[in-house]
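The opening residue of the first sequence carries number 0 in numbering that gives the first Met the number 0; numbering runs sequentially from there. We put the CB at the ideal spot given by N, CA and C, even for glycine.
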Amino acid sequence: MTKTVWIGDVQDGLHDGQTVELKGWIKRTRGSNKMRFVVLRDSTGDIQCVGKKDVIGEESFEALKEALIESSVILTGTVNVDERSEGGHELVVNAVEIVGAVDPERPFPINKEALDVVDEEGNPMPGGSEFLLEHRHLYLRTSRMTTMLKLRSSAFGAIHNYFRNEDFIEYQAPNFVAGAVEGGSTLFEVPYFGRTAYLTQSWQLYAEAAMPALERLYTIAPSFRAEKSRTRRHLTEFWHAEMEMAWASNDEIMAHGEGVVRHIARTLLEERETELSSINRDLDLIARYADNPYPHMRYDEAVEILQGKGVEVEWGDDLDYSKEKILTQDFDLPHFLTHYPKIAKPFYHRVDTEDEKYVLCHDLLAPEGYGEIIGGGERTWSEEEILRRLDEEGTPREPYQFYIDTRAYGGVPHGGFGLGVDRVVSWLSGASHIREVIPFPRTSNRVTP
RNA sequence: GCCGAUUUAGCUUAGCUGGUGGAGCGUGGGACUGUUAAUCCCAAGGUCGUGGGUUCGAGCCCCACAAUCGGCGCCA
């Protein structure tokens with residue numbers, strides 16, 4: 000049963016002249032009454048297979064003719080170098096086995112027309128139609144989606160590699176929680192044996208509890224936000240890469256944020272050059288993101304630039320996406336924004352002792368209109384200050400009791416960040432929408448399929 | 001929460017001042033010896049999102065509802 004020959008290897012010339020058995024799915028099929036051309040697909044690529052009636056016989060020829068798109072088949076034959084075939088190689092078939100036939104009453108519903116979706120301005124929005132979102136389970140096997148899933152896999156691998164190489168310990172937090180990290184309005188409520196629990200928005204508070212034990216820790220886990228956001232940057236369930244570090248300043252934490260993002264870009268170039276090219280992503284752009292240091296800018300500076308451009312923004316306003324977009328449109332690299340006003344950020348951000356109007360935090364803004372991909376900073380670490388900030392905000396203490404308690408026993412300066420993995424993959428792949436890079440996207444009005 | 005748009009065959013769509021809904025892809029049948037999401041011929045497939053209204057007559061006009069998409073706020 001084990002599959003030993005991969006279409007990608009055949010196209011790379013590893014099996015020229017050999018007789019091989021190819022297992023895969025029919026991508027396209029065409030032909031005459033004497034020969035069939037079947038484009039076979041597997042997870043590594045496509046190849047044209049030729050079935051000649053006088054070679055394979057009447058019965059096999061009929062079987063091949065009747066096999067509809069997405070039928071699974073095993074084709075045995077000889078690998079020929081042939082420039083008439085896309086990819087330069089071709090399988091001349093001598094035996095056909097249909098494994099999973101497709102019923103003509105229910106043919107594979109996704110065709111070329113279904114894939115060509117455009118938004119209101121006429122820009123391509125791959126996978127954006129209601130039909131393709133309803134048929135996501137079948138859309139996954141189309142080439143663009145397969146490519147995105149491979150890029151995603153490499154990004155996840157790169158994050159693990161980066162943190163492990165930097166001696167971080169992978170650490171898991173619960174997904175059922177009692178309290179919020181951000182403002183309380185964005186939590187999903189879950190019935191919990193007569194009580195109400197919530198789906199976690201972030202690993203952070205539980206990571207801070209483990210910080211005195213592990214000192215350097217990270218995770219990649221789903222986070223949940225009950226935001227009715229209808230944008231190409233939001234999911235209600237997204238994959239969050241977070242790190243927490245003892246004895247660290249805002250600058251040191253930012254250095255790791257830059258490090259992991261550049262490592263992801265570098266890894267995609269090394270592992271997925273073919274895939275990036277296949278979706279027309281400019282490799283020089285990715286190389287630039289991998290090779291250059293990311294500039295830093297203080298919040299005040301950003302506000303000045305925006306005011307200089309005539310944008311209506313006052314000191315103390317948080318910078319929303321419309322402002323980020325104007326700010327980043329001239330950027331050709333991701334930029335860190337630091338030192339936001341205290342009034343714009345929640346209680347756990349540490350106040351800057353040099354000027355108490357500010358907190359020691361940072362956001363990393365991606366260029367090309369992709370927006371914020373990292374948010375992080377130093378944490379408020381003394382018990383007394385935590386209590387004061389909670390009370391100031393009117394946030395109840397009770398759900399955070401464990402968190403407050405950690406400060407009573409040897410609090411130290413520390414901090415961390417959260418990175419939106421889907422957002423990073425979306426940006427680096429040049430996706431038109433974040434849902435392009437996650438297999439089953441969860442948005443405010445879709446939980447199926 | 002706010003703003004905008006869409007809904008016609010399995011899919012993508014055309015549809016005139018309101019007067020018996022056309023096509024391409026796919027599917028079925030047929031033709032064809034090298035095709036490149038082949039080509040040629042034929043066929044089946046539609047209570048035009050739901051409900052109401054106006055009208056002699058509604059896919060088209062009006063109202064309500066629903067679903068979906070796009071954008072904003074919020075954030076990763």
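Burial of Gly44 is indicated by the presence of at least 16 other C-beta atoms within 10 angstroms of its C-beta.
Closest by C-alpha distance to Leu63, out of Arg163, Phe36, Ala254, is Phe36.
Where Arg287 is concerned, there is no enclosing beta strand (DSSP E), although the alpha helix (DSSP H) around it starts and stops at 282-290. In the three-state reduction of the DSSP assignment, Tyr369 falls in the coil class.
If you keep only unbroken beta strand (DSSP E) runs of at least 3 residues inside the stretch 211-243, you get 215-223. One alpha carbon belongs to Phe175, the other to Glu371, and they sit about 26 Å apart. In this structure the stretch 327-335 touches the stretch 355-365; the number of beta carbon pairs closer than 8 Å is three or more. A distance of 9 Å or more separates the beta carbons of Leu137 and Ile168.
When the Cα atoms are used, Phe346 and Val116 turn out to be separated by approximately 44 Å. If you draw a 10 Å sphere on the C-beta of Asp166, you find fewer than 16 other C-beta atoms in it, and that means exposed. The continuous beta strand (DSSP E) containing Ala94 extends over residues 88-99. When the five nearest sequence neighbours on each side are left out, the beta carbons in the same chain lying within less than 8 Å of the beta carbon of Pro211 are those of Ala245, Thr405, Tyr408, Gly409, Val411, in order along the chain. By the neighbour-count definition (other C-beta atoms within 10 Å, threshold 16), Asn444 is an exposed residue. If you compare the alpha carbons of Pro106, Asn122, Asn93, Phe162 with that of Glu243, the shortest gap goes to Phe162.
Unbroken beta strand (DSSP E) stretches of 3 residues or longer found wholly inside the stretch 103-191: 188-191, given in chain order.
Within the model, the alpha-carbon separation for Tyr288 versus Ala264 is close to 6 Å.
Cβ neighbours of Pro103 within its own chain (closer than 6 Å, five residues either side excluded): none. With 16 or more other Cβ atoms inside 10 Å of its own Cβ, Thr218 counts as buried. Put simply, the stretch 273-292 touches the stretch 143-152. At least three CB pairs are less than 8 Å apart. With at least 16 other beta carbons inside 10 angstroms of its own, Ser201 counts as buried. Here the alpha carbons of Gly414 and Ile403 stand approximately 15 Å from one another. A contact is defined here as three or more CB-CB pairs under 8 Å, and the stretch 91-105 meets this definition with respect to the stretch 73-80. Assigned with DSSP and collapsed to three states, Met34 falls in strand. Non-local beta-carbon contacts of Lys227 in its own chain, meaning distances under 8 Å to residues more than five positions away in sequence, involve Ser443 in chain order. For Thr195, the beta-bridge partners assigned by DSSP are Pro190. Cβ-Cβ separation between His348 and Thr394: approximately 13 Å, too far for a contact (criterion under 8 Å). In the structure shown, Asp299 falls within a helical segment according to DSSP collapsed to helix, strand and coil. Tyr339 has its alpha-carbon roughly 20 Å from the corresponding atom of Gly419. Under the three-state reduction of DSSP, Ile342 is assigned to helix. DSSP assignment within the stretch 379-442 yields the following whole alpha helix (DSSP H) runs of 4 residues or more, N-terminal first: 382-392, 400-407, 420-428.
Beta-bridge partners assigned by DSSP to Gly376: Cys360, Gly415.
Within the same chain, Cβ atoms closer than 8 Å to the Cβ of Tyr369 are found at Arg232, Arg422, Ser425, Trp426, the five residues on either side in sequence being excluded. According to DSSP, residue pairing for Asn79 in a beta bridge involves Glu89. For Thr447, same chain residues with a beta-carbon under 7 Å away, outside a window of 5 residues either side, do not exist.
Taking C-beta separations shorter than 8 Å and ignoring five residues to either side along the sequence, the partners of Asn122 in its chain run Ser431, following chain order. Residue burial annotation: Arg27 is exposed, with fewer than 16 other C-beta atoms found within 10 angstroms of its C-beta.
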